[in-house]
Each structure stands twice: as C-alpha cells, then as structure tokens.
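Protein chains: 2
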Amino acid sequence: MLKGNCVIAQSGGPTAVINNSLLGAVEAAYRSEAIGEIYGARNGIMGILAENFIDLRRQSPSTIKGLKFTPGAALGSCRYQLKKQEDFEKLLNVFRKYNIRYFFYIGGNDSMDTAYKVNKLALEEGYDLRVIGIPKTIDNDLPLTDHTPGYGSAAKYLATIVMEMGIDLKCIVTSTKVVIVEAMGRNAGWLAAAAALARRRQEDVPHLIYLPEVPFDTANFLNDVEEAYRRYGTVLVVVSEGLVDKNGNYIFNDTTTVDVFGHQRLGGVGQYLVNLIESELSLKGRFVLPATCQRSAMHLASRTDAEEAYHVGRVAVEEAQKDRTGCMVAIRRLEGAEEYSCTYELVALNEVANREKKMPRSWINEAGNDVTQAFINYARPLIQGEVAIPYHNGLPAYVDIV
Amino acid sequence: MLKGNCVIAQSGGPTAVINNSLLGAVEAAYRSEAIGEIYGARNGIMGILAENFIDLRRQSPSTIKGLKFTPGAALGSCRYQLKKQEDFEKLLNVFRKYNIRYFFYIGGNDSMDTAYKVNKLALEEGYDLRVIGIPKTIDNDLPLTDHTPGYGSAAKYLATIVMEMGIDLKCIVTSTKVVIVEAMGRNAGWLAAAAALARRRQEDVPHLIYLPEVPFDTANFLNDVEEAYRRYGTVLVVVSEGLVDKNGNYIFNDTTTVDVFGHQRLGGVGQYLVNLIESELSLKGRFVLPATCQRSAMHLASRTDAEEAYHVGRVAVEEAQKDRTGCMVAIRRLEGAEEYSCTYELVALNEVANREKKMPRSWINEAGNDVTQAFINYARPLIQGEVAIPYHNGLPAYVDIV
Numbered sequence: 001m002l003k004g005n006c007v008i009a010q011s012g013g014p015t016a017v018i019n020n021s022l023l024g025a026v027e028a029a030y031r032s033e034a035i036g037e038i039y040g041a042r043n044g045i046m047g048i049l050a051e052n053f054i055d056l057r058r059q060s061p062s063t064i065k066g067l068k069f070t071p072g073a074a075l076g077s078c079r080y081q082l083k084k085q086e087d088f089e090k091l092l093n094v095f096r097k098y099n100i101r102y103f104f105y106i107g108g109n110d111s112m113d114t115a116y117k118v119n120k121l122a123l124e125e126g127y128d129l130r131v132i133g134i135p136k137t138i139d140n141d142l143p144l145t146d147h148t149p150g151y152g153s154a155a156k157y158l159a160t161i162v163m164e165m166g167i168d169l170k171c172i173v174t175s176t177k178v179v180i181v182e183a184m185g186r187n188a189g190w191l192a193a194a195a196a197l198a199r200r201r202q203e204d205v206p207h208l209i210y211l212p213e214v215p216f217d218t219a220n221f222l223n224d225v226e227e228a229y230r231r232y233g234t235v236l237v238v239v240s241e242g243l244v245d246k247n248g249n250y251i252f253n254d255t256t257t258v259d260v261f262g263h264q265r266l267g268g269v270g271q272y273l274v275n276l277i278e279s280e281l282s283l284k285g286r287f288v289l290p291a292t293c294q295r296s297a298m299h300l301a302s303r304t305d306a307e308e309a310y311h312v313g314r315v316a317v318e319e320a321q322k323d324r325t326g327c328m329v330a331i332r333r334l335e336g337a338e339e340y341s342c343t344y345e346l347v348a349l350n351e352v353a354n355r356e357k358k359m360p361r362s363w364i365n366e367a368g369n370d371v372t373q374a375f376i377n378y379a380r381p382l383i384q385g386e387v388a389i390p391y392h393n394g395l396p397a398y399v400d401i402v
Numbered sequence: 001m002l003k004g005n006c007v008i009a010q011s012g013g014p015t016a017v018i019n020n021s022l023l024g025a026v027e028a029a030y031r032s033e034a035i036g037e038i039y040g041a042r043n044g045i046m047g048i049l050a051e052n053f054i055d056l057r058r059q060s061p062s063t064i065k066g067l068k069f070t071p072g073a074a075l076g077s078c079r080y081q082l083k084k085q086e087d088f089e090k091l092l093n094v095f096r097k098y099n100i101r102y103f104f105y106i107g108g109n110d111s112m113d114t115a116y117k118v119n120k121l122a123l124e125e126g127y128d129l130r131v132i133g134i135p136k137t138i139d140n141d142l143p144l145t146d147h148t149p150g151y152g153s154a155a156k157y158l159a160t161i162v163m164e165m166g167i168d169l170k171c172i173v174t175s176t177k178v179v180i181v182e183a184m185g186r187n188a189g190w191l192a193a194a195a196a197l198a199r200r201r202q203e204d205v206p207h208l209i210y211l212p213e214v215p216f217d218t219a220n221f222l223n224d225v226e227e228a229y230r231r232y233g234t235v236l237v238v239v240s241e242g243l244v245d246k247n248g249n250y251i252f253n254d255t256t257t258v259d260v261f262g263h264q265r266l267g268g269v270g271q272y273l274v275n276l277i278e279s280e281l282s283l284k285g286r287f288v289l290p291a292t293c294q295r296s297a298m299h300l301a302s303r304t305d306a307e308e309a310y311h312v313g314r315v316a317v318e319e320a321q322k323d324r325t326g327c328m329v330a331i332r333r334l335e336g337a338e339e340y341s342c343t344y345e346l347v348a349l350n351e352v353a354n355r356e357k358k359m360p361r362s363w364i365n366e367a368g369n370d371v372t373q374a375f376i377n378y379a380r381p382l383i384q385g386e387v388a389i390p391y392h393n394g395l396p397a398y399v400d401i402v
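Top line first, the protein sequences correspond to chains G and H.
With the UniProt record's numbering, the residue at position 61 of the first sequence is 61, and numbering never jumps.
With the UniProt record's numbering, the residue at position 39 of the second sequence is 39, and numbering never jumps.
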C-alpha cells in the first residue's frame with residue numbers, strides 16, 4: 001500500500017451535497033494507515049498550483065461534521081482548465097514537494113479530464129501517484145454512472161418548487177395564465193425533466209417540459225401552450241436554459257432584442273418565451289429563474305443523494321489504497337431489484353472525460369414536450385428522503401472551513 | 001350570540017401559511033354553538049357572488065389537518081374588487097339566502113376594504129351580520145398590525161436562499177461577479193429587507209439591499225456595487241421588484257429595451273440592473289427571480305408565522321361570536337418582554353382598508369442601500385422555528401380541498 005499524503009479538491013459548479021463527498025473522502029482518509037497529511041486545495045486545481053492548502057486534520061470536529069449539512073464547495077471551487085504542459089509539470093512538482101501520493105478530484109466532465117491527464121503524466125514520469133475522480137454535477141451528464149451525486153437534490157428542489165408554484169398559479173383567479181420556469185442544464189435536460197416528478201395527476205404541473213435534446217420549434221411550442229391553456233386554464237412550463245433550434249443554435253440568441261445601450265440582450269430563454277407567449281397568444285406570462293438556488297438548496301436536499309455523495313467520496317479513498325488509479329467512482333443501479341439500491345464501481349477516467357450523457361430520446365415523449373414513465377421510474381428513487389439540517393436562529397446552520 | 005351560518009373566503013396573492021388561518025377559523029367554527037353551516041367560498045368574493053361554496057363540515061379530517069402543511073389558497077383566491085353597488089347588494093342577497101351571519105375574509109388591503117363595505121351595507125340595510133378580516137400578505141404592508149401572517153415565512157425563505165446563493169457565489173472562482181436577486185414587494189420593501197437576516201458577519205451576503213422606500217439613484221448604485229466588488233470580490237444584491245426613481249417611476253420602465261416585436265420589454269428590475277452592471281462596470285452579472293416561490297414555499301415556512309396565521313383565524317371566529325364586527329384581527333407585539341411574544345386584538349377595518357404600511361425610513365440606513373439593526377431586531381423573531389411538513393415519495397404531501 002502506497003504511503004504518503006493526499007490532496008482533495010473540488011471543481012466546477014457546486015451542488016447541495018458536494019461537501020458530503022468531501023466528508024466521505026476525509027473520513028476514509030482519517031481511517032487510513034497509508035495516508036499522512038490530508039490537504040484540501042483552495043479553489044480546485046488552482047489551489048494546488050498555488051500551494052494554497054487547508055489542513056483537513058486540523059479542522060474542528062464540528063466543522064467536519066457540519067460538511068454534511070452545508071452546500072457549496074467548502075474548499076472553494078474553480079472553472080480552470082489545465083491546458084499548458086507546464087501547468088501539469090508544476091502540479092506534479094507540487095505533489096513531489098508535499099509528498100502527495102493520493103489525488104482526489106471532486107468534479108464533472110472537465111475535472112475528470114484533468115484528473116486523467118495528471119494520472120497519465122505521473123505514470124510517464126514514474127511518479128507513484130493514485131488519482132481517483134469523485135463525480136458531482138446537478139446536470140447529471142457524466143457517462144458510465146447511473147446518475148451523478150448532486151442531481152437528486154437539485155431534482156428534488158426543482159420538483160418541489162414547481163409543485164408549490166403550481167398550487168399558487170392554480171389557486172388564484174388572476175391575469176397570469178402562463179408561468180415559465182427556466183431550469184439549469186445547458187446541454188442536457190436531466191434537471192428540467194425532473195420537474196415532472198411534481199405531477200401526481202395528469203392535470204398537475206408541469207404541463208409542458210422542453211429539453212435541449214429535442215430541437216425547439218416555436219410553432220409547436222405555441223400550439224402546445226394554447227392547447228394546455230384551453231384544457232387547464234393556466235399553464236406551467238419548464239424549460240432547460242439551453243434550448244436549441246434545429247440548427248443547434250440557442251433559441252434566445254437569435255432574437256434581435258437589444259438593451260438600452262444597443263447590446264444584444266441574453267435575458268435567457270424563460271424571458272424570451274414569456275415575451276413570445278404574450279405577443280403571439282395574448283396570454284399574460286410570468287417567468288421564474290431559480291438559477292443557482294438549484295445547486296445550493298441544502299435545505300431541501302435528497303437524503304438518498306446526500307448518502308450517495310458521501311459514499312462516492314469514501315469509496316474513492318478506499319479504492320486508491322488498493323492501488324487503483326486513473327479511475328472515477330461510478331454508481332451502478334442494481335437491476336431487477338424490488339427496491340432501488342446501488343453499488344459503487346470504478347470506471348476509467350478517459351472513458352468519462354469530456355463526454356456528456358444526454359437524456360435518451362426514448363425517455364422524452366414523441367411530441368418532445370414531456371418525459372415518459374421510464375424517466376420517472378429512473379428519477380423517482382433519487383429524490384427520496386430528507387436531510388434534517390440543523391437550524392440556528394431561524395436559518396440553516398451552515399459551516400465554513402477556515 | 002347571533003346564530004346562523006358562516007362563510008370563509010381567501011383573497012389576493014396567497015402565502016405559504018394562508019391555509020393555517022383557514023384552519024384556525026374552521027376549527028374555531030367547529031367549536032362554536034352559534035355557527036351552523038361552514039361554507040368556504042371558491043375564489044374569494046367571486047365564489048360568494050356565484051354561490052360557489054364548499055361545505056367545510058364535510059371535508060375529510062385528513063384534508064382539514066393537511067391545511068396546516070399546504071401552501072396556496074386552498075379555497076381558491078381572486079383579485080376581484082367589488083365596485084358596483086349591485087355587487088354589494090348581490091352579496092347581501094346571497095348572505096340572506098344562505099342565512100350567512102358570519103363573514104370571514106382572509107386577505108390584504110383590498111380585501112379589508114371589501115369587508116369594510118360589506119359590513120357597512122349590512123348595517124345600513126339592517127341585516128344582522130358579523131364581518132371580521134383576517135390579515136395575510138407576504139408584503140407585510142398592512143397597517144395597525146405589528147406584522148402580517150405570511151411575511152415571516154416568505155422572509156425565512158428569501159433569507160435562506162440568499163444565504164445559499166451567497167455560499168455558491170463565494171466558493172467558485174468564476175466569471176460571475178455580481179448576483180442580483182429580485183424580491184417580491186411592489187411598493188413596500190419589507191420582504192427584500194428580510195434578506196439581511198442571512199448575514200452573520202459583516203462580509204456575508206447580501207452586500208447591498210435596495211427598497212422602494214428610497215428613490216433609486218443609478219450613479220449611487222453603480223458606485224455601491226463597485227465598492228462592494230473591491231471589498232468582497234463578489235457582490236450579492238437584493239432589490240425589491242418595485243424600485244422607483246426620484247419621480248416615483250419604476251426604474252425599469254424608463255428603458256428603451258424592446259423585444260423582437262418592438263414591444264417595450266418589462267423584464268423586471270433584476271435583469272435591468274444586471275445589464276447596467278455589465279455595461280457600465282464590465283462585471284459579469286447573473287440575476288435570480290424566485291418570483292412566486294417566495295409566497296408558496298411551505299417547505300421552509302416559519303413555525304412562528306404558521307402558528308400566528310392559525311391564531312388570527314381562530315381569534316376572528318371567536319371575536320365575531322362576541323358580536324364584534326367591522327374589524328380586522330391584528331397582531332400586537334409585547335413591548336419590553338425579554339423574549340418575543342404577541343397578543344391579538346381587533347382594529348377597525350376602515351383604518352386598515354386601502355392603506356399601505358411602508359418600511360420606516362429609520363430602519364433603512366442613510367445611504368439607502370441596507371437596513372439597520374432596528375429592522376433586524378424587528379424581523380428576526382418572525383422567522384423562528386421550522387414546520388415539519390409530511391413528505392410522500394420524496395415530495396411534500398400537500399392536500400387539496402375538493
């Protein structure tokens with residue numbers, strides 16, 4: 001078993017439960033006989049390059065325990081891609097200097113690419129290093145894993161607020177007839193699709209869902225909204241922020257909307273569609289943009305998701321000590337089981353790196369304006385259970401790593 | 001004690017806890033020896049005019065109990081103002097027809113005006129009727145009551161998501177430097193102000209808060225944002241949707257922003273300010289529009305608020321049986337007490353009707369970009385405690401009245 005120090009870093013857009021993965025990794029490292037110092041890198045890979053480390057053995061027990069209930073990347077995150085060879089060399093030099101023999105990177109597609117390249121370089125240079133990727137993203141777009149930690153909590157949050165906004169929309173006889181909710185998800189519709197979990201009966205919200213996987217057609221959209229309006233009286237629509245037309249262009253980029261300074265206005269697809277509905281159907285619309293709430297709502301996290309996030313972190317550290325490297329921890333759903341359950345396995349980083357998993361077309365209905373039952377069956381188990389977070393003075397008692 | 005039937009109606013924009021007031025009224029009516037039938041009017045006053053009633057004695061116990069945990073107006077609501085004399089006559093005729101002797105109206109300023117006029121007409125026509133208003137609004141803008149049920153829950157929700165978005169913004173080194181959160185509150189800034197509760201230390205979010213009570217000055221705003229950016233590296237700003245300039249005009253209405261069809265675009269103040277920051281300060285912004293989430297987030301309601309909402313409903317029914325009429329139930333905070341506590345009292349409807357209570361200028365700092373400690377001391381008790389709502393299959397188990 002390789003002995004040495006370890007570094008853990010977090011990267012990309014955070015999730016509600018990303019610190020559960022950090023906690024899983026840290027607690028496994030505490031138990032390890034091989035791992036000496038446990039460094040947390042500030043702001044992902046940038047913190048390693050800058051030798052900006054947090055000593056995770058010297059945090060108070062209450063801070064470490066609080067990671068379980070705290071959203072956001074507690075170590076800090078970044079959107080920085082190593083590109084130049086000298087960056088990789090520098091990284092390896094820092095590893096040598098600190099005798100870092102274990103590198104755990106909690107992130108999405110880009111981060112898995114970085115981890116893959118670091119592992120490759122270490123092999124080439126004969127530096128004995130174990131590199132394991134720990135998946136996270138609310139977008140759920142990592143391949144080779146049934147789903148990605150962070151997704152279940154974002155899905156639960158979105159479905160809940162859509163349910164609540166649906167109750168609000170339906171109960172009041174007012175001028176607003178159509179509500180458009182713009183969900184995160186630039187290239188894959190997993191999160192927007194999860195809003196369908198809010199529906200208990202056919203007439204419930206969301207009435208329509210549009211995803212980037214199906215080219216958006218304005219005429220069809222207006223027809224759909226008009227028909228839903230006739231049927232239900234009010235309409236709630238959920239759209240992914242990254243809807244594209246048949247040529248693959250973002251649909252809100254092809255408007256000529258300009259602001260007071262003459263700049264093209266990227267107001268987002270939600271506002272664009274509300275304007276369209278008001279102009280073309282003369283129905284008053286309202287749009288809702290939960291934005292980063294979706295990836296930080298620890299107050300409504302899924303317990304299933306939080307637990308799985310913990311385990312992918314734990315498994316990463318345990319497997320690395322069995323000399324596994326160049327891998328990402330993946331979640332495998334047990335097929336044919338009566339109740340949902342999953343196991344953890346390792347998949348090769350280069351199979352994951354830079355690849356996006358989109359919604360299968362068969363999980364979207366033929367009209368391209370809703371999901372199918374197969375998707376619901378897939379997503380429902382991921383939002384089960386609640387996390388009882390501590391409150392102090394009326395608000396969540398989140399912690400800081402200092 | 002006047003004997004007869006009663007009708008309860010809900011009006012205006014709902015809140016997370018408006019059904020707690022319904023529950024309080026219904027349970028008090030169950031205990032009454034004077035009240036016979038308990039009618040719920042569908043969609044406020046419109047349901048009375050249309051004789052569209054729900055029999056609240058014949059709802060299942062689980063539905064009635066579920067009101068405690070369900071947002072939105074369970075009876076349905078409306079934004080319909082009685083104006084014509086014939087509407088009032090019609091209303092009184094319905095009351096006569098159904099022998100309705102008690103009228104409880106759960107609503108805001110407009111609804112209190114309606115209740116006042118109905119009471120006045122009944123007196124003039126010698127129809128023995130008891131009319132009591134039950135306050136609700138997330139805007140907290142009703143006069144003569146320390147605060148309004150619904151506000152505490154909206155405040156708790158907004159402060160929590162601002163805290164969570166602040167963690168998200170701070171943890172990731174990315175291009176977004178400024179986040180603008182647009183809070184509800186057209187003419188009064190109470191809700192936006194409550195975001196300040198999220199702040200535990202001086203450097204915490206929100207860094208800046210702008211309210212309709214202080215005329216908005218673009219140059220000052222840009223200076224404030226720039227200074228906060230220099231100090232904190234990232235800036236989170238909360239604004240009321242109804243910000244006005246020194247002439248009292250909504251600030252986002254004086255732009256010349258047009259959509260693809262040449263219509264003036266009412267994208268809201270949040271988007272307008274993000275565009276301004278990007279153009280003038282070259283800082284990348286993001287805007288967040290929680291919209292109706294703020295008035296329907298039962299999943300994060302304040303227990304204090306939910307309990308008070310229940311009691312204003314209960315007190316309304318109890319006081320009506322003591323021959324009080326033409327009043328609204330108000331909340332009075334006990335002065336000088338060590339711990340927050342309050343009592344309920346009746347105030348005259350005509351003193352409340354059509355009047356708005358704005359934030360006192362002394363609870364806003366001199367620069368007009370934050371609140372003072374006096375406001376924090378006022379608002380903090382209102383968000384205390386959580387409501388443990390039941391979950392089913394991963395989502396809140398809200399009920400419907402059918």
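Here a beta-carbon is modelled for each residue, glycine too, at the ideal position from N, C-alpha and C.
Taking 8 Å as the limit between beta carbons, can you name the residues of its chain near residue i, skipping five residues before and five after?
i	result
G/Pro-206	Val-162, Gly-166, Val-181, Ala-195, Ala-196, Ala-198, Arg-199, Leu-236, Val-237 and Val-238
H/Tyr-250	Gly-242, Leu-243, Val-244 and Val-269
G/Glu-280	Leu-222
Taking C-beta pairs closer than 8 Å, name the residues in chain H that residue i reaches, listed in chain order.
i	result
G/Val-288	Leu-289, Pro-290, Ala-291, Thr-292 and Cys-293
G/Leu-197	Gly-394 and Leu-395
G/Pro-135	Ordered by position in chain H, no residue passes the 8 Å Cβ test against G/Pro-135, which lies about 17 Å from the chain.
Flag residue i as yes when its Cβ comes closer than 7 Å to any non-hydrogen atom of the ligand COA, and as no otherwise.
i	result
G/Lys-90	Of the ligands one can find in the structure shown there are none, so the ligand COA has no counterpart to examine.
Residues of chain G with a CB under 9 Å from the CB of residue i: which are they?
i	result
residue 430 of chain H	Summary: the structure shown does not reach residue 430 of chain H, with chain H confined to residues 1 through 402, and so no result is reported for it.
H/Glu-386	Tyr-391 and Gly-394
H/Tyr-398	Met-163, Glu-164 and Ile-167
Go ahead and pull the three-state DSSP assignment for residue i.
i	result
G/Pro-360	coil
G/Gly-152	helix
G/Val-178	strand
H/Gln-10	strand
H/Glu-37	strand
G/Gly-248	coil
Name the chain G residues that come within less than 8 Å of residue i, Cβ to Cβ?
i	result
H/Arg-333	Neighbours of H/Arg-333 on chain G: none; closest Cβ ~16 Å, over 8 Å.
H/Ser-302	Gly-394
Counting C-beta neighbours from all protein chains within 10 Å, is the total for residue i 16 or more, i.e. buried, or is it exposed?
i	result
H/Leu-334	exposed
G/Glu-319	buried
G/Lys-153	Note on identity: in this sequence residue 153 of chain G is Ser, with Lys being the wrong assignment. G/Ser-153 should be labelled buried.
G/Pro-360	exposed
H/Thr-292	buried
G/His-392	exposed
H/Gly-40	buried
G/Ala-50	exposed
G/Val-317	buried
H/Lys-7	Residue identity check: residue 7 of chain H is Val in the sequence provided, not Lys. Per the 10 Å Cβ criterion, buried.
H/Thr-145	buried
H/Gly-262	For H/Gly-262, the predicted model reports a pLDDT of 47, less than 50, meaning its position is unreliable and no value from the coordinates is stated.
G/Thr-137	buried
Please return the same chain residues whose Cβ sits closer than 6 Å to the Cβ of residue i, not counting the five positions on each side in sequence.
i	result
G/Ala-73	Gln-10, Pro-14 and Ile-18
H/Tyr-116	Leu-349, Asn-350 and Ala-353
H/Pro-71	Ala-16, Ser-296 and Met-298
G/Met-1	Ala-34 and Gln-321
G/Asp-139	Gly-185 and Ala-188
H/Gly-368	Val-214
Below 7 Å on C-beta distance, what does residue i contact in chain H?
i	result
G/Pro-360	Residues of chain H passing the Cβ test: none, with the nearest at roughly 22 Å.
Which residues in the same chain as residue i place their Cβ atom closer than 7 Å to its Cβ, once the five residues preceding and following it in sequence are excluded?
i	result
H/Leu-382	His-147, Tyr-151, Gly-152, Ala-155, Ser-302, Thr-304 and Asp-305
G/Ile-209	Ala-192, Ala-193, Ala-195, Ala-196, Val-238, Asn-369, Asp-370 and Val-371
My parser needs the beta strand (DSSP E) runs of 3 or more residues fully inside the region 314-373 of chain G; what are they?
327-333 and 342-348
Enumerate, from N- to C-terminal direction, the unbroken beta strand (DSSP E) stretches of 3 or more residues contained entirely within the region 84-167 of chain H.
100-107 and 130-135
Kindly provide the ranges of any alpha helix (DSSP H) runs that are 4 or more residues long and lie completely inside the region 212-245 of chain H, ordered along the chain.
218-232
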